[in-house]
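A.B. asks: Anchor point for the sequence shown: position 188 equals 200 in our numbering, and the numbering is continuous, going up by one each time.
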Amino acid sequence: MYRVIASDMDETFLDRGHAIPPANIDAIARMREQGMLFVPASGRPYDSILASLDGMPRNLLEGSYVISFNGGCITRVGDDDPIVSASLPFAKLKALFDYGTTLDVGIHVYELSGTVRTWNIDEEETAYLRGHMDTRPLAKPSVSPLAASPCAKILYCLPGGIDRLRDILATMPAGLLEGIAPTFSSERYLEFNPAGVDKGTGLARLADLVGVPLSETIACGDADNDIAMLRAAGVGVAVANANDATRAQADYRATATCDDGVIAEVWEHFCASA
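1. From the DSSP output, read off the bridge partner residues of T87.
2. Taking the alpha helix (DSSP H) that I32 belongs to, which residues open and close that run?
3. Please look up how many angstroms separate the CB atoms of A244 and L226, rounded, as I've assumed it's under 8 Å.
4. Near D272, what residues of its chain come up, given a Cβ to Cβ distance below 8 Å and the 5 sequence neighbours on each side ignored?
5. Starting from the Cα of P206, find the closest Cα among V247, T229 and L100 and give me that residue.
6. Are the beta-carbon atoms belonging to E169 and L124 less than 9 Å from one another?
7. Excluding the five sequence neighbours on either side, which residues of its own chain have a C-beta within less than 7 Å of the C-beta of G55, listed in chain order?
8. CB A231 to CB I17, shorter than 9 Å?
9. Rounded to the nearest angstrom, what separates E135 and G84 at their Cα positions?
10. By how many angstroms is the C-alpha of V96 removed from the C-alpha of E199?
11. Classify S156 as buried or exposed, calling it buried when 16 or more other Cβ atoms lie within 10 Å of its own Cβ.
12. If contacts are defined as beta-carbon pairs under 8 Å, then I133 and G118 qualify, I think. What distance do you get, rounded to the angstrom?
13. Does DSSP put H144 in a helix, a strand or coil?
14. Report all residues from its chain with a CB closer than 7 Å to the CB of T24; omit the five preceding and five following residues, and keep chain order.
15. At which residues does the beta strand (DSSP E) containing Y201 begin and terminate?
16. When you compare the CB positions of P185 and E137, do they come within less than 9 Å of one another, or not?
17. Let me know the secondary structure DSSP gives V96 once reduced to three states.
18. Along the beta strand (DSSP E) that carries K165, what are the first and last residues, could you check?
19. Tell me the rounded alpha-carbon separation between K165 and D27.
20. Please report how far the alpha carbon of A240 lies from the alpha carbon of R265, in whole angstroms.
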């Protein structure tokens with residue numbers, strides 16, 4: 013029997029319009045009746061994740077947790093402070109930011125508080141983020157104002173430019189990546205978390221917190237930053253719109269896209285007969 017289902021948010025649990033497919037809500041209600049926990053797992057901040065779940069009855073999240081910042085934080089739903097948190101050393105954050113300013117890419121810096129500081133993002137990216145995160149542009153290309161603010165991660169943004177982002181990572185100085193766990197998401201982001209932080213380690217910490225073996229967990233995702241979680245879980249599920257790398261690592265390749273409600277397929281295939 014499976015006791016925890018963890019799911020990525022964007023392009024997995026949420027449809028392409030950032031809404032929750034009704035089939036997902038119905039499936040989670042059935043899972044909760046069986047005593048399962050639904051755990052959102054995202055690269056986004058905690059408050060941003062909860063805001064995207066406003067369309068779901070809050071009782072479906074009672075007693076559950078949120079994995080945010082790609083595993084950098086774990087927070088009990090309804091609490092303000094994370095149980096687990098990890099931040100980048102400021103010197104490393106500054107080095108990655110300064111390097112990014114030489115590349116003609118957009119940059120996001122994620123404070124542990126949930127505020128996202130941005131630099132050089134275009135109108136398309138601004139529209140993509142609008143209503144989903146507390147974004148505040150930096151006044152100049154410097155993270156010096158954030159020296160006293162713990163930051164969970166930094167990312168480079170290039171809408172439609174995932175191949176160039178992969179090239180950027182491949183040619184970055186090795187020293188710049190020491191102590192860093194890089195990954196990709198949403199076919200537009202190159203993300204940098206502290207080494208040892210990913211959704212897989214986040215799921216493992218969460219499973220330990222709730223006393224559930226990893227073999228009794230299911231994880232769903234679509235992108236590179238979900239692969240570690242899919243590997244860690246008892247069953248890793250790739251949504252139909254997942255990229256090839258993620259599908260290749262999944263135990264189960266769903267026929268449902270994010271628009272269809274992949275959690276409903278997971279329910280029918282793995283849980284309904286339990």
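No residue lacks a Cβ here, since even glycine has one placed at the ideal position from N, Cα and C.
C.D. replies: By the coordinates alone:
1. V78
2. Per DSSP, I32 belongs to no alpha helix (DSSP H) and is neither H nor E.
3. 6 Å
4. P33, A35 and A252
5. L100
6. This sequence places Cys at residue 169; Glu is not what is there. No.
7. F81, N82, S197, E203 and N237.
8. yes
9. 28 Å
10. 28 Å
11. exposed
12. 4 Å
13. coil
14. C232, G233, D234, V251, C270 and V274
15. Y201 to P206
16. In this structure, E137 does not lie closer than 9 Å to P185 by Cβ.
17. In this structure, V96 counts as strand in the three-state DSSP scheme.
18. C163 to C169
19. 25 Å
20. C-alpha separation (whole angstroms): 16 Å.
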